[in-house]
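If you count the sequence shown from 1, position 115 lands on 115 in UniProt numbering, and the numbers rise without skipping.
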Amino acid sequence: MTEKIVNDSYLTGGAYDFDRASTSLTQKLLSSPKKVTIVRHGLSSWNKESRVQGSSNLSVLTETGVRQAERCRKALGNMYFDRCFSSPISRAKSTAEVIWQGREEPLVFLDSLKEAHLFYLEGMKNVDAREKYPKEYTTWREDPANFTVNGIYPVRKLWGTAREAWKEILFSSGENFLVITHKSILRALICTALGLSPERFRSIDVNNGGISVFTFNKKGEAMLQSLNMTAHMYSDHTYLY
1 MTEKIVNDSY
11 LTGGAYDFDR
21 ASTSLTQKLL
31 SSPKKVTIVR
41 HGLSSWNKES
51 RVQGSSNLSV
61 LTETGVRQAE
71 RCRKALGNMY
81 FDRCFSSPIS
91 RAKSTAEVIW
101 QGREEPLVFL
111 DSLKEAHLFY
121 LEGMKNVDAR
131 EKYPKEYTTW
141 REDPANFTVN
151 GIYPVRKLWG
161 TAREAWKEIL
171 FSSGENFLVI
181 THKSILRALI
191 CTALGLSPER
201 FRSIDVNNGG
211 ISVFTFNKKG
221 EAMLQSLNMT
231 AHMYSDHTYL
241 Y
């Protein structure tokens, strides 16, 4: 019989205090402590049109999205990063190219940073998806962990993808990394680092161009330093951490 978790504070403790950490993302020692800065891509065409995006490559960075990426580049301009990892999907790739402009190391594109595949909902305006697929759309919005298509659970699958991405990033040479990706996989990255289940998917939110920061000890245990920083979107704020 599986015991129901009523209070998951013992799981999230690892996010704030290494001495109490209980979740290792790597299960193996890292070569050194790591720092990972994660940025959500700038405003895309389908964000603007209120469409379901998913893994489609048809949603592209808007002029506003480019300006948001430029603000991110300026905000992180004083930071050194060994590498930048990005989703290869166009809206994230374009954001990464703007932010990484002027840096020497080439961008590294990881399929494990792609957005969740949402099948027939992708490209539909939210109002149309709600009308055409009321049951499925409601599940996606209100109970995403149990949203299923032909036996596939996109959000639950995303948890495995996020763990794969973390390993690819954390086992890379270097100590300070930049990651550019999408909202759903970003939620999964954050939740897996904190030891949270897919049922907590919508407990985390991130804005276009929002910046979140994790540090990891050599055991692969995470500490959340900052979540969804957006001061740089409204001022000439720069970060140094």
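We put the CB at the ideal spot given by N, CA and C, even for glycine.
On a CA-only basis, which of ASN217, PRO154, PHE85 is nearest PHE109? Give me that one, please.
Stepping through the sequence shown from its first residue, residue 109 is reached at position 109. Of the candidates ASN217, PRO154, PHE85, the one whose C-alpha sits nearest the C-alpha of PHE109 is PHE85.
Report all residues from its chain with a CB closer than 8 Å to the CB of TYR239; omit the five preceding and five following residues, and keep chain order.
The residue labelled residue 239 in the question sits at position 239 within the sequence shown. Excluding residues within five positions, the ones whose Cβ falls inside 8 Å are ALA75, LEU76, ASN78, MET79, ILE211, MET229, HIS232.
Can you tell me whether MET79 is helix, strand or coil according to DSSP?
As a working note, residue 79 is residue 79 in the sequence shown. DSSP places MET79 in coil when its eight states are reduced to three.
Quick one: which unbroken alpha helix (DSSP H) runs of 4-plus residues sit fully inside the segment 105 to 157? Chain order, please.
You should have 126 to 132, 134 to 142.
What residues in its chain sit with their C-beta under 6 Å from that of ALA69, if we drop five residues either side in the sequence?
The count along the sequence shown starts at 1 and reaches residue 69 at position 69. GLY42, THR95, VAL98, ILE99.
Go ahead and label LYS135 buried or exposed: buried means 16 or more other beta carbons lie within 10 angstroms of its beta carbon, across all protein chains shown.
The residue given as residue 135 occupies position 135 in the sequence shown. Classification of LYS135: exposed, given that the 10 Å Cβ count is below 16.
Give me the Cβ distance between SER24 and GLU175, rounded to the nearest whole Å; I'm assuming they're in contact under 8 Å.
For the purposes of this step, residue 24 is taken as the residue at position 24 of the sequence shown. For the purposes of this step, residue 175 is taken as the residue at position 175 of the sequence shown. Here SER24 is actually not in contact with GLU175; their C-beta atoms are around 18 Å apart, not less than 8 Å.
Endpoints, beta strand (DSSP E) assigned at THR192
Taking the first residue of the sequence shown as 1, we reach residue 192 at position 192. Annotation for THR192: no beta strand (DSSP E) segment contains it, though the alpha helix (DSSP H) segment containing it runs 183 to 194.
Between which two residues does the alpha helix (DSSP H) containing THR95 stretch?
As a first step, residue 95 is located in the sequence shown; it is residue number 95 there, counting from the start. Taken as a continuous stretch (DSSP letters only), the alpha helix (DSSP H) holding THR95 covers 90 to 99.
If ARG91 sits next to LEU61, beta carbons under 8 Å apart, how far is it from one beta carbon to the other, in whole angstroms?
Here residue 91 corresponds to residue number 91 of the sequence shown, with the count starting at 1. Here residue 61 corresponds to residue number 61 of the sequence shown, with the count starting at 1. Contact flag correct, Cβ pair sits at about 5 Å.
7 Å CB neighbourhood of HIS237 in its chain, flanking five on each side removed:
Position 237 of the sequence shown, counting from 1, holds the residue named residue 237. The residues ALA75, ALA231, in chain order, have a CB closer than 7 Å to that of HIS237 in the same chain once the five nearest residues on each side in sequence are set aside.
So, helix, strand or coil for GLU168, using DSSP?
For the purposes of this step, residue 168 is identified with residue 168 of the sequence shown, where counting begins at 1. In the structure shown, the three-state DSSP call for GLU168 is helix.
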